[in-house]
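First residue of the sequence shown: 0, per numbering that gives the first Met the number 0; consecutive thereafter.
Ideal placement from N, C-alpha and C gives every residue a C-beta, glycine not left out.
One structure below.
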Amino acid sequence: MQSPKDKTTNKPPRSAAILLLTTILDTTWRAFVPTIGGTILGVFLDNTLDTAPFMTTIMIILGFATSILLVFMQIRAIRRESK
């Protein structure tokens with residue numbers, strides 16, 4: 000039986016396993032892509048500007064901070080959906 004919330008959104012209820020899998024995959028890209036992208040960009044900038052290891056360090060820190068922010072935003076969105 001569907002809840003009233005499911006009827007208003009016209010979406011079929013998702014199984015817990017699929018919901019968990021999509022959440023894990025979504026969290027994975029949010030955690031790793033900014034950090035890896037920042038590292039690659041930092042190495043490129045260091046090689047181009049001859050500033051090693053300054054830009055790599057800065058970009059790793061920015062990538063890590065971006066990852067934390069993205070995961071925090073995802074958790075907040077999931078909590079809103081569950082209410």
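In the structure shown, D49 falls within a coil segment according to DSSP collapsed to helix, strand and coil.
Taking C-beta atoms as the reference points, I67 and G41 fail to come closer than 8 Å.
Residue burial annotation: T34 is buried, with at least 16 other C-beta atoms found within 10 angstroms of its C-beta. Rounded to the nearest angstrom, the Cβ distance from L61 to M54 is 10 Å, too far for a contact under 8 Å.
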